[in-house]
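Engineer: Top to bottom, those sequences are chains D and F.
Position 88 of the first sequence, counted from 1, bears residue number 88 in this note's numbering, the numbering being contiguous throughout.
Position 148 of the second sequence, counted from 1, bears residue number 580 in this note's numbering, the numbering being contiguous throughout.
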Amino acid sequence: MTVTENTEVLDGAERVKRRGDDSAVLRLSEAEAAMIGADPDAPDEDERVLLNMGPSHPSTHGVLRLMLEMEGETVLRSKPVVGYLHTGMEKQAEQLTYLQGCTNVTRMDYASPLFTELAFSLATEKLLGIEVPERAVWIRMLMSELNRMSSHLLFMATNGMDLGAVSMMIYGWREREEVLRFFEKVTGLRMNHNYIRPGGVAADLPDGWQADVEHLLELIPPRLEEYDILMTGQPIWRERLQGVGVLNADEALALSATGPILRSTGYAWDLRRDEPYLAYPEVDFDVIVGSFGDSYDRYAIRLNEIRESMRIVEQILDRMPAGDYRVQDKKVTPPPRVRIDQSMEALIHHFKIFTEGYQVPEGEAYAAVESPRGELGIYMVSDGSSTPYRMHVRGPSYINLQTMPHLMQGGMIADGVAIISSVDPIMGEVDR
Amino acid sequence: MSDEPEIAEEATDEAATPVAMRYGMVDAGDGVLHAFVDTYLDGCTEAQADGFGQLVDLTAVDYLTYAAPRNLPAGIEAERFELVTQLINHTTRERVRIRMQVNADEPVIPTLFDLWPGAENLEREVFDMFGIEFTDHPDMSRVLMPEDWVGHPLRKDYAIGSIPVQFKAASNER
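1) Within 8 Å (strictly less), CB to CB, does E552/F reach chain D?
2) Is the beta carbon of I399/D less than 8 Å from the beta carbon of A211/D?
3) Give me the Cα-Cα distance between M67/D and I353/D, rounded to the nearest whole angstrom.
4) With 16 as the cutoff for other CB atoms within 10 Å, does I261/D come out buried or exposed?
5) Is DSSP giving R273/D helix, strand or coil here?
6) Is the CB of D546/F under 8 Å away from at least one CB in chain A?
7) Leaving aside the five residues before and after V289/D along the sequence, list all residues of the same chain whose C-beta is less than 6 Å from its C-beta, in chain order.
8) Residues of the stretch 510-523 of chain F with a CB closer than 8 Å to any CB of chain D: list them in chain order, please.
9) Return the chain-ordered list of same chain residues with a C-beta closer than 7 Å to the C-beta of G200/D, the five sequence neighbours on each side being excluded.
10) Determine, using beta-carbon pairs with one atom in the stretch 518-535 of chain F and one in the stretch 466-475 of chain F, whether at least three such pairs fall under 8 Å.
11) From the DSSP secondary-structure annotation, give me the bridge partner or partners of R65/D.
12) Which residues in the same chain as A365/D place their Cβ atom closer than 7 Å to its Cβ, once the five residues preceding and following it in sequence are excluded?
13) Step through the CB atoms of chain D and report whether any lies within less than 8 Å of the CB of E478/F.
14) With DSSP as the reference, label L490/F as helix, strand or coil.
15) Which residue marks the beginning of the alpha helix (DSSP H) containing H349/D, and which one marks its end?
16) Going along the chain, which unbroken runs of the alpha helix (DSSP H) with 4 or more residues stay wholly within the stretch 162-231 of chain D?
17) Is L278/D close to chain F? Criterion is C-beta to C-beta, closer than 8 Å.
18) Specify, as a first and last residue, the run of the alpha helix (DSSP H) that I413/D falls within.
19) Between the Cα of P549/F and those of A252/D, T97/D, I196/D and S29/D, spot the shortest distance and give me the residue it belongs to.
20) Considering just the uninterrupted stretch of the alpha helix (DSSP H) at R298/D, what are its terminal residues?
21) Give every residue of the same chain whose Cβ lies closer than 7 Å to the Cβ of R240/D, excluding the five residues on either side of it in the sequence, and list them in chain order.
22) Using a beta-carbon distance below 8 Å, is N6/D in contact with chain F?
23) Taking the Cβ atom as the reference point for each residue, do V179/D and L146/D lie within a distance shorter than 8 Å?
24) Name, please, each residue of chain F whose Cβ falls closer than 7 Å to the Cβ of R27/D.
25) Rounding to the nearest angstrom, what Cα-Cα distance links H522/F and E345/D in this structure?
26) Which stretch, first to last residue, makes up the beta strand (DSSP E) that contains E514/F?
27) Using 8 Å as the Cβ pair cut-off and three pairs as the minimum, do the stretch 561-569 of chain F and the stretch 384-404 of chain D touch?
28) Between the C-alpha atoms of L576/F and D560/F, what's the straight-line distance to the nearest angstrom?
29) Buried or exposed: which applies to A249/D, given that a residue is buried once 16 or more other Cβ atoms fall within 10 Å of its Cβ?
30) According to DSSP, simplified to helix, strand and coil, what is Q242/D?
31) Tell me which residues of the stretch 400-415 of chain D have at least one Cβ-Cβ distance to chain F shorter than 8 Å, keeping chain order.
32) In angstroms, rounded to a whole number, what distance separates the CA positions of I229/D and P396/D?
33) Report the three-state DSSP secondary structure of E32/D (helix, strand or coil).
34) Checking contacts by CB at 8 Å: is P505/F closer than that to chain D?
35) Would the beta-carbon of D568/F fall within 8 Å of that of T543/F?
36) Going along the chain, which residues of its own chain have a beta-carbon closer than 8 Å to the beta-carbon of E509/F, five neighbours each way excluded?
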């Protein structure tokens, strides 16, 4: 590998604080890039080439575009160009009632939709000052952990595909489908569930859910063993990932990175353990950390987080409390279907909730959950009406994307594909 | 020493409504601090030295059409924009939310890039969506909207659906 002046070792977070030409981030506007590109024959002493990658590229996970400054095959600076999926979801949230809000936010991180629903519900409940019943809490936890599994299984599939283990793509999707089948049974949909709502969940778990979950817990562990044989211990796989895209803990913290990227540097920070929400203090699990902060650690963390999630799911299976699956607060919960046939008031109540929505006391609140990608937070401002005055999503994908130029600097372009994959951005959440 | 009588005078003035201060910001309790544009950067530097090692989030709110009372502590004057910065101290597991009123006529504030480089894209998004500018920012450009976009979508006076889709190539006589 060509060692350029850019790859010198700096203490702490100094490397990521650089602003000038030696920074890893290519701060170049479209207009400036077009000027450079307009005359490819112009003399260029340092033989640097500006290369465009994406937005439609199989390894860019949707519509991520990268502007790369190359010297031969070495990446010097890069800039992730985002916004291709921007549909103004935060603006739209200001038009939708709190009940409709979950249908909007669930579309952001489409690989782990239940987490955004959960964060939205927790923020709304904070403003409302309501506490959800115990069973709803445990159902939320069950669904979150299954969703973490399905999201990481999707990562296994795409990461394998990006690195040439194409059969892994089929295996990862196959296992994920098993989890999604359970989601379909519970929520009615494979994705974009709108299942976790302010006040609880949309419906109770269906009869026989235990058998379905037990089936998953039996099915997936041997498949993970297969992944280990196919990838984890495999020399080609290790060669391809170890030492590629390295970040230290100081740099990750400085760049506001969370989730597997932060944990891969050996820094144990997981909101489930460190700022517990739902009933996480009552279940046993380990926070998986890496030691080198490279792409291999990020892969291994996700693989082992699937195992930890299964451990949690197993405990939930044993300890799922009985009771109501949503709060019986008439303000936020529509009346049961049978009551509508019997009572005029129930019909009016039902109609009011679904047309006007319910008013949420004025104030501001922030609620965060540990999504498969890191801290997913919702900041909500209410002015006392039935729609949020402002809803902001702290999308972990958007913020983690900032680490990408620093991971890529000084590496080969082929490693860039491994790095994009290991950051695991979901572009729906980046662009919102 | 010459400032002493002045400080004493201020203290007696505010004795009726005691204001707790932290990092040069008004501490409103529940981990909420209200900052002033002039002392924002110094306060954040102090907070970082005090253990708030990570910037969690940075966003803004446009209070133009806010119907309810603002409920700001004494000494904080309500302005149209509010910048909301969240910091976390991983050792004590404490979070602070710094709220700062930003004047609509001159929405310019210092960047936090030199403290937490992770602020770069968050501040770009605030610039893009609200038109609040950050001085000394390494790349004060739009991030989600196209570079030649006119207007700032999350402002409350930016109506939904009233602006045609802009394409670079098409001539757009608006």
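Using N, Cα and C, we set each Cβ at its ideal position, and we do this for glycine too.
None of these values were measured; they are calculated from a predicted model.
Structural biologist: Put simply:
1) Counted from its first residue, the second sequence places residue 552/F at position 120. By this cut-off, E552/F is an interface position.
2) Counted from its first residue, the first sequence places residue 399/D at position 399. Counted from its first residue, the first sequence places residue 211/D at position 211. No. Outside cutoff.
3) Working through the first sequence from its first residue, we reach residue 67/D at position 67. Working through the first sequence from its first residue, we reach residue 353/D at position 353. Each residue's alpha carbon lies about 48 Å from the other.
4) Along the first sequence, one-based indexing puts residue 261/D at 261. Looking at its Cβ environment, which holds 16 or more other Cβ atoms inside 10 Å, I261/D is buried.
5) Taking the first sequence and counting its residues from 1, the one referred to as residue 273/D is at position 273. Looking at R273/D - three-state DSSP - the assignment turns out to be helix.
6) The chain labelled as chain A is not found among the protein chains of the depicted structure, namely D and F.
7) Taking the first sequence and counting its residues from 1, the one referred to as residue 289/D is at position 289. These residues qualify, in order along the chain: R263, G266 and A268.
8) V516, Q518 and H522
9) Translated into the one-based positions of the first sequence, residue 200/D becomes position 200. Annotation for G200/D: V132, P133, A136, Y325, R326 and V327 place their beta carbon closer than 7 Å to its own, counting only its chain and skipping 5 residues before and after.
10) yes
11) Indexing the first sequence from 1 puts residue 65/D at position 65. Note: R65/D sits in a beta bridge opposite V81/D.
12) As a position in the first sequence, residue 365/D is number 365, starting the count at 1. Cβ within range, chain order: A123, K126, L127 and M380.
13) The residue you call residue 478/F lines up with position 46 of the second sequence. Answer no: the Cβ-Cβ gap between E478/F and chain D never drops below 8 Å.
14) Counting from one through the second sequence, the residue named residue 490/F turns up at place 58. Residue state, collapsed to three classes: strand.
15) If you number the first sequence from 1, residue 349/D lands on position 349. Where H349/D is concerned, the enclosing alpha helix (DSSP H) stretches over M344 to T355.
16) 166-187 and 209-227
17) On the first sequence, residue 278/D is found 278 positions in, with the first residue counted as 1. It does not: the Cβ of L278/D has no partner Cβ on chain F nearer than 8 Å.
18) By 1-based counting over the first sequence, the position of residue 413/D is 413. I413 to V423 is the span of the alpha helix (DSSP H), which, as asked, contains I413/D.
19) The residue given as residue 549/F occupies position 117 in the second sequence. For the residues A252/D, T97/D, I196/D and S29/D, the minimum Cα distance to P549/F belongs to A252/D.
20) Taking the first residue of the first sequence as position 1, residue 298/D is located at position 298. Its alpha helix (DSSP H) spans residues S295 to R319.
21) Mapped onto the first sequence, residue 240/D falls at position 240. Once the five neighbours on either side are set aside, the close Cβ partners of R240/D are L163 and A418.
22) Residue mapping note: residue 6/D aligns to position 6 of the first sequence, counting from 1. Unreliable placement is indicated for N6/D, whose pLDDT of 39 sits below 50; the coordinate value is still reported in the next sentence. No, N6/D does not count as interfacial toward chain F.
23) To locate residue 179/D, count along the first sequence from 1; it is residue 179. To locate residue 146/D, count along the first sequence from 1; it is residue 146. Cβ atoms of V179/D and L146/D: closer than 8 Å.
24) As a position in the first sequence, residue 27/D is number 27, starting the count at 1. Ordered by position in chain F, the residues that pass the 7 Å Cβ test against R27/D are P570 and D571.
25) Start at 1 with the first residue of the second sequence, and residue 522/F comes out as number 90. Start at 1 with the first residue of the first sequence, and residue 345/D comes out as number 345. Cα to Cα, the separation comes out at about 50 Å.
26) Position 82 of the second sequence, counted from the start, is the residue given in the question as residue 514/F. Where E514/F is concerned, the enclosing beta strand (DSSP E) stretches over F513 to N521.
27) no
28) On the second sequence, residue 576/F is found 144 positions in, with the first residue counted as 1. On the second sequence, residue 560/F is found 128 positions in, with the first residue counted as 1. C-alpha separation (whole angstroms): 7 Å.
29) As a position in the first sequence, residue 249/D is number 249, starting the count at 1. Buried is the call here.
30) Taking the first sequence and counting its residues from 1, the one referred to as residue 242/D is at position 242. Q242/D: coil per DSSP, three-state reduction.
31) So the list reads L401 and Q402, given in the order they occur along the chain.
32) Within the first sequence, residue 229/D is the residue found at index 229, counting from 1. Within the first sequence, residue 396/D is the residue found at index 396, counting from 1. Cα-Cα distance, rounded: 31 Å.
33) The sequence position of residue 32/D within the first sequence is 32, counting from 1. Helix, per DSSP.
34) Against the second sequence, residue 505/F aligns to sequence position 73. It does not; no Cβ of chain D falls within 8 Å.
35) By one-based count along the second sequence, residue 568/F stands at place 136. By one-based count along the second sequence, residue 543/F stands at place 111. A contact, by the Cβ cut-off of 8 Å.
36) For the purposes of this step, residue 509/F is identified with residue 77 of the second sequence, where counting begins at 1. Excluding sequence neighbours, E509/F sits near Q533.
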